[in-house]
Amino acid sequence: MATKKMILDLDTGIDDSMAIAYALAAPDVDLIGIIGSYGNVYVKDGGINALKILELLGATDVPVYLGESHSLTSDHFDRMQVSARIHGENGIGQVQLPEPKRALETTSGVDFLIDSVKKYGQNLTLVPTGPLTNLAKALDKAPEIAHEIGNVTLMGGALTVEGNVNAYAEANINQDAEAANAVFTSPLHLTMVGLDVTLRTLLTRKETSQWRDLNTKAGTAFADIVDYYIDAYKETNPQVPGCALHDPLAVGVALDPSFITTLGLNMFVSTDKETYGRTIGDQARLDEPATNVNVGINVDADRYLATFMKYLTGLFAKN
1 MATKKMILDL DTGIDDSMAI AYALAAPDVD LIGIIGSYGN VYVKDGGINA LKILELLGAT
61 DVPVYLGESH SLTSDHFDRM QVSARIHGEN GIGQVQLPEP KRALETTSGV DFLIDSVKKY
121 GQNLTLVPTG PLTNLAKALD KAPEIAHEIG NVTLMGGALT VEGNVNAYAE ANINQDAEAA
181 NAVFTSPLHL TMVGLDVTLR TLLTRKETSQ WRDLNTKAGT AFADIVDYYI DAYKETNPQV
241 PGCALHDPLA VGVALDPSFI TTLGLNMFVS TDKETYGRTI GDQARLDEPA TNVNVGINVD
301 ADRYLATFMK YLTGLFAKN
């Protein structure tokens, strides 16, 4: 058992599935649970996808909890059609995996997070790779956890590049800018792994063919799932020669911050209509000596990819 514990907060699509695999394969951390979110898919579908991926990878001991099903300012969530195109209607590249034997947990994801912070404190790492609604809800319910949790490394935002929803906003932040702003302006110390670095960390069919050559259930399934993702990128992001490792990079950075170069900054998230979801430095706090967000602005992509392939290929070879 590792001393470090990790919770993933996922809207389980394709790169989320790779994030699960990375967390399971990493030797220096225990994945103690997954919180489902909305975004790439609807919240329950994402939770079921997470259970399917865990079962595929032989990790049926990891529980999955459902978080919030929509943003703080809405009463429902409508999945964007582009999400279905990029991740497939089922969220995992149209690959059909068996229905999971394990059921979703009945405790709420927000309560699971709060309870885990109380139990593990500084040894707990949270990696949100979807909207920040669950974390914002937890901070509202138990504000003290901002000082108790050891590490929060999120996938979301864009500081030095354009967003992927519009010129300002990245998709995860755009799903609930109000929640993101509550998190970014809280006392939490955050690491932001945004499009600035994830779009420089790419996977191609050269790598997925190595998984296929393993001739294992997990290797073949993940090769099929990620090849779908790569094909979707050809249509939606033709300038990118492969698919971006958005969510698994956040997991990697949470465990080894030296994968990225960061800029310390006090930030906020715009909730104005014209710039909704923009992650930007807060002029009102520029002169404060301490900053609460480390923003990834460069990445050692080659070293990260080598680690990623070592971890995932080794895991897939056993399953």
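For the sequence shown, the UniProt record's numbering assigns the number 1 to the initial residue and increments by one for each residue that follows.
Where a beta carbon is used, it is the ideal one built from N, C-alpha and C, also for glycine.
As the structure is a prediction and not an experimental result, all values here were calculated from the model.
Assigned exposure category for residue i - 16 Cβ within 10 Å defines buried
i: glutamine 96; result: exposed
i: threonine 129; result: buried
i: aspartate 9; result: buried
i: serine 209; result: exposed
i: lysine 273; result: exposed
i: histidine 246; result: buried
i: leucine 286; result: exposed
i: methionine 1; result: exposed
i: asparagine 215; result: exposed
i: glutamate 144; result: exposed
i: glycine 277; result: buried
i: aspartate 213; result: exposed
C-beta contact flag for residue i and residue j at 8 Å
i: tyrosine 38; j: aspartate 75; result: no
i: threonine 191; j: asparagine 266; result: no
i: glutamate 178; j: serine 71; result: yes
i: isoleucine 14; j: glycine 93; result: yes
i: isoleucine 7; j: leucine 113; result: yes
i: valine 253; j: valine 193; result: yes
i: leucine 199; j: valine 240; result: yes
i: alanine 250; j: methionine 309; result: no
i: alanine 50; j: glycine 36; result: yes
i: residue 380; j: aspartate 45; result: The structure shown does not extend to residue 380, since the chain is modelled only from 1 through 319, so no value can be given for it.
i: lysine 52; j: aspartate 28; result: no
Span of the beta strand (DSSP E), counted from its first residue to its last, around residue i
i: asparagine 298; result: 293-299
i: threonine 5; result: A small correction: the amino acid at residue 5 is lysine; threonine does not occupy that position in the sequence shown. Looking at the DSSP string, the run of the beta strand (DSSP E) that includes lysine 5 is 5-10.
i: valine 152; result: 151-155
Supposed close pair residue i, residue j - CB separation, criterion 8 Å
i: leucine 57; j: alanine 103; result: About 18 Å separates the two Cβ atoms, so there is no contact after all.
i: residue 352; j: asparagine 40; result: As displayed, the chain neither begins before 1 nor continues past 319, which places residue 352 out of reach and without an answer.
i: valine 299; j: alanine 180; result: Not a contact, Cβ separation roughly 22 Å.
When the options are compared against residue i, the one with the closest alpha-carbon
i: valine 152; options: Val161, Leu135, Thr160 and Ala142; result: Leu135
i: isoleucine 297; options: Arg285, Ser258, Lys310 and Glu274; result: Ser258
i: threonine 106; options: Asp247, Ser186, Val43 and Tyr65; result: Tyr65
i: threonine 125; options: Pro248, Met18, Asp30 and Tyr233; result: Asp30
i: residue 320; options: Ala221, Ile32 and Tyr276; result: Lying outside 1 to 319, the shown extent of the chain, residue 320 is not represented and no answer is given.
i: alanine 59; options: Leu305, Pro100, Met80 and Ser69; result: Pro100
i: aspartate 140; options: Val110, Ile280 and Ile225; result: Val110
i: histidine 189; options: Asn319, Gln122 and Glu235; result: Gln122
i: threonine 133; options: Val226, Val43 and Glu288; result: Val43
Interface flag, residue i vs chain D, CB-CB below 8 Å
i: glycine 219; result: Any reference to chain D falls outside this structure, which holds one protein chain only.
N-terminal and C-terminal residue of the alpha helix (DSSP H) that residue i is part of
i: methionine 18; result: 14-25
i: isoleucine 260; result: Segment 260-265 is the beta strand (DSSP E) holding isoleucine 260; no alpha helix (DSSP H) there.
i: aspartate 45; result: 43-56
i: valine 127; result: Looking at the DSSP string, valine 127 is not in any alpha helix (DSSP H); the run it does join, the beta strand (DSSP E), is 124-128.
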